[in-house]
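*Asks:* So in the working numbering, spot 49 of the sequence shown is number 79, and the numbers just go up one at a time.
Just so it is clear, CB atoms sit at the ideal spot from N, CA and C, and this is done for glycine as well.
A quick note: this is a predicted structure, and the numbers were derived from the prediction, not measured.
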Amino acid sequence: MEKIILNEEYIKLGQALKAARLVSSGVEAKFAIQDGLVKVNGEVELRRGRKLYDQDVVSFEGKTIFISK
Numbered sequence: 031m032e033k034i035i036l037n038e039e040y041i042k043l044g045q046a047l048k049a050a051r052l053v054s055s056g057v058e059a060k061f062a063i064q065d066g067l068v069k070v071n072g073e074v075e076l077r078r079g080r081k082l083y084d085q086d087v088v089s090f091e092g093k094t095i096f097i098s099k
């Protein structure tokens with residue numbers, strides 16, 4: 031499980047995927063999200079700009095990102 035520590039109040043979903051190195055670019059993140067391959071807290075999320083806060087969990091291609099303060 032990858033852990034992302036927040037420096038701000040939130041991080042956007044596309045940025046989190048890049049920060050965790052699960053995608054190599056914002057465009058790749060955009061397509062993965064639009065294709066319904068990314069889940070936030072167990073539910074498919076289609077918005078790249080979805081704000082992630084402390085305790086949110088992102089799943090993509092069998093990998094998990096935990097958002098923490």
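Express the C-alpha separation of I35 and G79 in angstroms, rounding to a whole number.
*Replies:* As a position in the sequence shown, residue 79 is number 49, starting the count at 1. As a position in the sequence shown, residue 35 is number 5, starting the count at 1. Approximately 18 Å between the Cα atoms of the pair.
*Asks:* May I ask you to list the residues that DSSP assigns as paired with K33?
*Replies:* By one-based count along the sequence shown, residue 33 stands at place 3. According to DSSP, which records beta bridges pairwise, K33 is partnered with F96.
*Asks:* When you compare the CB positions of E32 and I95, do they come within less than 9 Å of one another, or not?
*Replies:* Sequence index remark: in the sequence shown, residue 32 carries index 2 (1-based). Sequence index remark: in the sequence shown, residue 95 carries index 65 (1-based). The answer is yes: Cβ separation under 9 Å.
*Asks:* With DSSP as the reference, please indicate the residues paired to L82 in a beta bridge.
*Replies:* Here residue 82 refers to the residue found at position 52 of the sequence shown. Paired residue(s): I41.
*Asks:* Applying the 10 Å Cβ sphere with the 16-neighbour rule, what's the burial state of L67?
*Replies:* Here residue 67 is taken as the residue at index 37 of the sequence shown, counted from 1. Classification for L67: exposed.
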